[in-house]
Amino acid sequence: MPADRYVSPTGPSRHEVEIKRSRFIACILPVVDDAQARDQLSELRREFHDARHCCSAYLLGAGRDSAHSSDDGEPAGTAGVPIMQALSHHVTTTGQADLSNVLAAVVRYFGGIKLGAGGLARAYGGVVSQALQLAPMLLHERRSLLDAHLPPSDAGRFEAVLRTSGLDVLETNWDDPSSPAVRIACPAGTVEETVRRIASLTSGAARTEPAGQRWVSRPLPVPSSAPGTV
Numbered sequence: 001m002p003a004d005r006y007v008s009p010t011g012p013s014r015h016e017v018e019i020k021r022s023r024f025i026a027c028i029l030p031v032v033d034d035a036q037a038r039d040q041l042s043e044l045r046r047e048f049h050d051a052r053h054c055c056s057a058y059l060l061g062a063g064r065d066s067a068h069s070s071d072d073g074e075p076a077g078t079a080g081v082p083i084m085q086a087l088s089h090h091v092t093t094t095g096q097a098d099l100s101n102v103l104a105a106v107v108r109y110f111g112g113i114k115l116g117a118g119g120l121a122r123a124y125g126g127v128v129s130q131a132l133q134l135a136p137m138l139l140h141e142r143r144s145l146l147d148a149h150l151p152p153s154d155a156g157r158f159e160a161v162l163r164t165s166g167l168d169v170l171e172t173n174w175d176d177p178s179s180p181a182v183r184i185a186c187p188a189g190t191v192e193e194t195v196r197r198i199a200s201l202t203s204g205a206a207r208t209e210p211a212g213q214r215w216v217s218r219p220l221p222v223p224s225s226a227p228g229t230v
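The sequence shown lines up with residues 1 to 230 when you count with UniProt numbering.
Below is the structure:
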């Protein structure tokens with residue numbers, strides 16, 4: 001997965017199914033490191049202290065540098081692995097399997113009927129897949145930043161042109177009245193093209209210089225179709 005973009009949950013969300021009298025509650029949460037993931041799992045175990053299992057998996061980092069899963073007492077490979085597979089294979093509305101910085105935990109209340117290894121794997125993976133379809137998501141992209149310094153006499157006019165051009169204008173800095181600067185974010189690999197476009201839009205009046213990088217986030221649309229049954 002490329003390390004210059006990824007998708008993560010906007011916030012916590014839950015989805016519950018019942019299979020042969022067992023309740024499976026999938027909890028989807030955004031996390032940024034191992035410590036936060038462990039803290040979130042501890043909170044869930046306290047909340048669902050009477051549940052038999054709280055199985056989980058999480059992915060961390062823009063390039064999925066870290067991953068962890070736990071069966072939490074279920075037969076080996078029947079819970080943590082299918083939860084991880086649901087996370088790593090989930091295709092977001094970007095059209096890619098690009099989910100990261102995400103924790104999925106599934107709380108199970110045993111209903112008295114054994115599901116077998118295959119049934120458990122389908123239940124744990126299935127409820128997480130359904131929960132991910134319903135969860136609001138954010139797209140995070142690493143953007144290169146450019147400052148377009150404008151002549152004071154035409155700054156207002158050129159700022160308006162840049163803002164309506166389709167470029168990703170983040171802000172305008174007027175701290176230096178002699179050289180107001182419009183900050184623009186552009187995808188990696190398009191810096192030269194963006195500089196040329198700024199020059200064209202401002203008739204060569206803008207002096208453009210690099211201003212580092214920043215992660216830019218925006219919400220993704222939630223699929224309109226509801227998930228099916230496990």
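No residue lacks a Cβ here, since even glycine has one placed at the ideal position from N, Cα and C.
On a CA-only basis, which of the options is nearest residue i? Give me that one, please.
i, options, result
"CYS55", "SER69, ARG46, GLY63", "SER69"
"residue 232", "GLU47, THR94, HIS15, ARG23", "Beyond the ends of the chain as shown, which are 1 and 230, falls residue 232; an answer cannot be given."
"LYS114", "ILE28, SER22, VAL17, ALA3", "SER22"
"THR202", "SER88, TYR6, GLU141, THR164", "THR164"
"ARG183", "LEU170, GLY212, TRP174, GLY189", "LEU170"
"VAL6", "VAL191, HIS90, ASP39, HIS140", "The question names Val, but residue 6 in the sequence shown is Tyr. Ranking VAL191, HIS90, ASP39, HIS140 by Cα distance to TYR6 puts HIS140 first."
"PRO223", "ALA3, ALA135, ALA67", "ALA135"
"ARG196", "ALA206, GLY118, ALA155", "ALA206"
"ALA188", "LEU145, VAL31, PRO152, SER178", "LEU145"
"ALA181", "GLU192, PRO210, GLY80, ARG52", "PRO210"
At which residues does the beta strand (DSSP E) containing residue i begin and terminate?
i, result
"ASP213", "It is worth fixing the name first, because residue 213 is Gln in this sequence and not Asp. Residues 207–219."
"ARG5", "5–9"
"ASP147", "137–149"
"ARG23", "22–30"
Contact check, residue i vs residue j under 8 Å by CB: the rounded distance?
i, j, result
"ASP147", "THR208", "7 Å"
"VAL127", "LEU44", "Not a contact, Cβ separation roughly 15 Å."
"GLN85", "HIS15", "Not a contact, Cβ separation roughly 17 Å."
"ALA57", "ILE83", "4 Å"
"ASP4", "ARG142", "4 Å"
"THR29", "HIS90", "As written in the sequence, residue 29 is Leu, which differs from the Thr given in the question. No, LEU29 and HIS90 are not in contact; Cβ-Cβ is about 15 Å, not under 8 Å."
Which stretch, first to last residue, makes up the alpha helix (DSSP H) that contains residue i?
i, result
"SER200", "191–201"
"ARG38", "34–47"
"ALA117", "116–134"
For a cutoff of 8 Å on Cβ pairs, would you count residue i as touching chain C?
i, result
"ALA135", "Among the protein chains of the structure shown there is no chain C, as only one such chain exists."
Problem - At least three beta-carbon pairs within less than 8 Å, the segment 31–39 to the segment 112–126 - result: Verdict: no, contact absent.
Handout entry: Contiguous beta strand (DSSP E) assignments of at least 3 residues, all confined to the segment 154–183
Key = You should have 168–173.
Practice task
Flag this pair as touching only if the segment 151–162 and the segment 208–219 have three or more C-beta atom pairs under 8 Å; answer yes or no.
Solution key: Contact between the segment 151–162 and the segment 208–219 is absent: fewer than three C-beta pairs spanning the two stretches fall below 8 Å.
Exercise for the section: Taking 8 Å as the threshold, find out whether the segment 96–108 comes into contact with the segment 57–68 through three or more Cβ pairs. Expected result: Because the criterion of three Cβ pairs below 8 Å is met, the segment 96–108 and the segment 57–68 touch.
Practice task
Flag this pair as touching only if the segment 72–87 and the segment 9–24 have three or more C-beta atom pairs under 8 Å; answer yes or no.
Solution key: Taking 8 Å as the limit for Cβ pairs, the verdict is that the segment 9–24 does not touch the segment 72–87.
Handout entry: Segments assigned alpha helix (DSSP H), at least 4 residues, entirely inside the segment 79–114
Key = Assignment of alpha helix (DSSP H) within the segment 79–114, counting only whole runs of 4 or more residues, yields 80–89 in chain order.
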